[in-house]
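Participant: Right, I'll just put the structure down here and ask away after.
Residue numbers (the working numbering): 5 to 386.
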């Protein structure tokens, strides 16, 4: 357990993720909250388990205890990812049923007939609920559980009948408030980010300027370099001066996220040429557009991907990495400029030592934080 705690300290999770305590496993910290369990199984365990149980270059015997354990935890992670996805495909209900059945069978083999809990029975109904209701994300009970916790702290002084309204009314009001709090804060963050764009211009380097030109042209814009004289009348001439900021918001209004130039929100998943890629944010620049608006570019260091084949056979390292929903990569020297619309998700990550899972001294293992990304991109999906 000490090895697990040491590795836990090396995992970087996006701001806002409810990390479990650093002394996980000790009775001192009490029970984990539901959101801490969720963070543990969707972000942290997928990053730590490979380093603890997968040897660097040797295949794994699928019939061994280690092979069964990796399959067991991988199936559970996949089920959790489906539960938290915001968008589902037609085959996800059947995939959940198959993987949960496989998880149940392997649990009996590994843990010597563990006790069946109410949640184990409830999970059997989830495939039907997915078909009837769609993504479970829309009927999550976290806000309701938080409301219960707050109501338990209310002092009634033994005169509950004189409270304004009913506890149920207050509970529903509190639940709605907690459920909408994140969306409100996201909108405020977006406005705060835009207000920070007002400041002194700086002259960007030639590399950043060239990358920004490429981004605009890639998005269909027609722009001219300052030094390319003469300029046709009415053409858009991109200035070499820009405004820098430390953060930028991306995503849909209700689920805005913020990428930053400093940890922990620096590693992002983005789409480039139809492929999902990874990168570390190095700078955020706001250039003057054709009109009075600003054109934003995110300047990042690219990360190459190892074990990137569409599918691996059981026992191969790549199979278990894909089952856990993680990617191993090397931090490259190449850079790229993307727009906020290209960014899909933030990601939790852990830096590697040299030659771990074919990674170099600048290697990393990545776990995307957005369940929408996992839902659409999981390599083990049907």
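Glycine is no exception: its CB is placed at the ideal position from the N, C-alpha and C atoms.
Owing to the predicted nature of the structure, the values given are computational and were not obtained by experimental measurement.
1) Assuming residue 254 and residue 344 are in contact, meaning their beta carbons sit under 8 angstroms apart, how far apart are those beta carbons, in whole angstroms?
2) What are the uninterrupted segments assigned as alpha helix (DSSP H) that are 4 or more residues long and contained completely in the region 48-96, given in chain order?
3) Helix, strand or coil: which one does DSSP assign to residue 125?
4) What is the DSSP secondary structure of residue 45, counted as helix, strand or coil?
5) Considering residue 315, what are the terminal residues of the alpha helix (DSSP H) in which it resides?
6) May I have a chain-ordered list of the beta strand (DSSP E) segments no shorter than 3 residues that lie completely inside the region 243-295?
7) Measure the C-alpha to C-alpha separation of residue 299 and residue 41 and round it to an integer number of angstroms.
8) Our contact map puts residue 338 next to residue 306 with C-beta atoms below 8 angstroms; I'd like the distance itself, whole angstroms only.
9) In the DSSP assignment, find the beta strand (DSSP E) that holds residue 341 and state where it starts and stops.
10) Excluding five sequence neighbours on each side, which residues of the same chain lie with their C-beta closer than 7 angstroms to the C-beta of residue 139?
11) Can you tell me whether residue 246 is buried or exposed, with buried defined as 16 or more other CB within 10 angstroms of its CB?
12) Between residue 319 and residue 71, how many whole angstroms is the CB-CB distance? I'm expecting something under 8 angstroms.
13) Taking 9 angstroms as the cut-off, decide whether the C-beta atoms of residue 15 and residue 354 are in contact.
14) What residues in its chain sit with their C-beta under 6 angstroms from that of residue 336, if we drop five residues either side in the sequence?
15) Terminal residues of the continuous alpha helix (DSSP H) containing residue 212?
16) If residue 219 and residue 54 are in contact, beta carbons under 8 angstroms, what's the gap, nearest whole angstrom?
17) Note down the Cα distance separating residue 27 from residue 17, rounded to an integer number of angstroms.
18) Considering only the alpha carbon of each residue, which of 317, 34 and 50 lies closest to residue 391?
19) Between residue 212 and residue 289, which are expected to be in contact by the criterion C-beta below 8 angstroms, what is the C-beta distance as a whole number of angstroms?
20) Which residues bound the alpha helix (DSSP H) around residue 12?
21) Among 250, 45, 252 and 226, whose alpha-carbon lies nearest the alpha-carbon of residue 241?
22) So who's on the other strand from residue 135, going by DSSP bridges?
23) Please report the distance separating the alpha-carbon of residue 62 from that of residue 137.
24) For residue 207, write down the residues that DSSP places opposite it in a beta bridge.
25) Please list the terminal residues of the continuous beta strand (DSSP E) segment that includes residue 350.
26) For residue 48 versus residue 317, is the C-beta spacing smaller than 9 angstroms?
27) Under a Cβ-count criterion, where at least 16 other Cβ atoms within 10 Å of its own Cβ denotes burial, should residue 209 be classed as buried or exposed?
28) Going by DSSP, which residues form a beta bridge with residue 228?
29) So if DSSP puts residue 39 in a beta bridge, which residue, or which two residues, is it bridged to?
30) Please state whether the Cβ-Cβ distance between residue 99 and residue 86 is less than 9 angstroms.
31) State the DSSP-derived secondary structure class of residue 300, mapped to helix, strand or coil.
32) For residue 262, count neighbouring C-beta atoms within 10 Å of its own C-beta (all shown protein chains included) and say buried if the count is 16 or more, exposed if not.
Facilitator: Here's the rundown:
1) The residue labelled residue 254 in the question sits at position 250 within the chain shown. The residue labelled residue 344 in the question sits at position 340 within the chain shown. Indeed they touch by this definition, with Cβ atoms about 4 angstroms apart.
2) 49-57 and 69-88
3) Counted from its first residue, the chain shown places residue 125 at position 121. In this structure, residue 125 counts as helix in the three-state DSSP scheme.
4) Here residue 45 is taken as the residue at index 41 of the chain shown, counted from 1. It is helical.
5) Position 311 of the chain shown, counted from the first residue, corresponds to residue 315. Element bounds for residue 315: n/a, residue is neither H nor E.
6) 245-249, 251-254, 261-264, 271-276 and 279-292
7) Counting from one through the chain shown, the residue named residue 299 turns up at place 295. Counting from one through the chain shown, the residue named residue 41 turns up at place 37. Going by the C-alpha atoms only, they are around 39 angstroms apart.
8) Within the chain shown, the letter at position 334 stands for residue 338. Within the chain shown, the letter at position 302 stands for residue 306. Their Cβ separation, rounded to whole angstroms, is 5 angstroms, which keeps residue 338 and residue 306 in contact under 8 angstroms.
9) Along the chain shown, one-based indexing puts residue 341 at 337. Run containing residue 341: 331-342, per the beta strand (DSSP E) assignment.
10) Position 135 of the chain shown, counted from the start, is the residue given in the question as residue 139. 89, 90, 91 and 92, listed in sequence order.
11) Sequence index remark: in the chain shown, residue 246 carries index 242 (1-based). Buried: at least 16 other Cβ atoms inside 10 Å.
12) Residue numbering aside, residue 319 sits at position 315 when the chain shown is read from its first letter. Residue numbering aside, residue 71 sits at position 67 when the chain shown is read from its first letter. Contact flag correct, Cβ pair sits at about 7 angstroms.
13) One-based indexing of the chain shown puts residue 15 at position 11. One-based indexing of the chain shown puts residue 354 at position 350. Yes, Cβ-Cβ distance for residue 15 and residue 354 is below 9 angstroms.
14) Within the chain shown, the letter at position 332 stands for residue 336. The answer, listed in chain order, is 306 and 308.
15) On the chain shown, position 208 is the one that residue 212 refers to. Where residue 212 is concerned, the enclosing alpha helix (DSSP H) stretches over 210-222.
16) As a position in the chain shown, residue 219 is number 215, starting the count at 1. As a position in the chain shown, residue 54 is number 50, starting the count at 1. So it is not a contact: roughly 34 angstroms between Cβ atoms.
17) As a working mapping, residue 27 is identified with position 23 in the chain shown. As a working mapping, residue 17 is identified with position 13 in the chain shown. About 17 angstroms.
18) This structure does not reach residue 391, given that the chain is present from 5 up to 386, and the question cannot be answered.
19) The residue given as residue 212 occupies position 208 in the chain shown. The residue given as residue 289 occupies position 285 in the chain shown. Yes, residue 212 and residue 289 are in contact; Cβ-Cβ is about 7 angstroms, under 8 angstroms.
20) Within the chain shown, the letter at position 8 stands for residue 12. Taken as a continuous stretch (DSSP letters only), the alpha helix (DSSP H) holding residue 12 covers 6-14.
21) Numbered from 1 along the chain shown, position 237 holds the residue referred to as residue 241. Ranking the options by Cα distance to residue 241, first place goes to 226.
22) Indexing the chain shown from 1 puts residue 135 at position 131. None; residue 135 has no bridge partner.
23) The count along the chain shown starts at 1 and reaches residue 62 at position 58. The count along the chain shown starts at 1 and reaches residue 137 at position 133. Distance between the alpha carbons of residue 62 and residue 137 is about 43 angstroms.
24) As a position in the chain shown, residue 207 is number 203, starting the count at 1. Answer is 245, bridged to residue 207.
25) Residue 350 sits at position 346 when you count from the first residue of the chain shown. It spans 347-355 - the beta strand (DSSP E) in which residue 350 sits, taken as one unbroken run.
26) Taking the first residue of the chain shown as position 1, residue 48 is located at position 44. Taking the first residue of the chain shown as position 1, residue 317 is located at position 313. For residue 48 and residue 317, no; Cβs fall outside 9 angstroms.
27) Residue numbering aside, residue 209 sits at position 205 when the chain shown is read from its first letter. Exposed is the call here.
28) Here residue 228 corresponds to residue number 224 of the chain shown, with the count starting at 1. Beta-bridge pairing links residue 228 to 241.
29) In the chain shown, the residue the question calls residue 39 occupies position 35. Answer by DSSP bridge pairing: none, since residue 39 is not bridged.
30) Within the chain shown, the letter at position 95 stands for residue 99. Within the chain shown, the letter at position 82 stands for residue 86. Against a cut-off of 9 angstroms, the Cβ pair of residue 86 and residue 99 comes out as a contact.
31) Here residue 300 corresponds to residue number 296 of the chain shown, with the count starting at 1. Here residue 300 sits in strand by DSSP.
32) Translated into the one-based positions of the chain shown, residue 262 becomes position 258. By the neighbour-count rule (16 or more Cβ atoms within 10 Å), residue 262 is buried.
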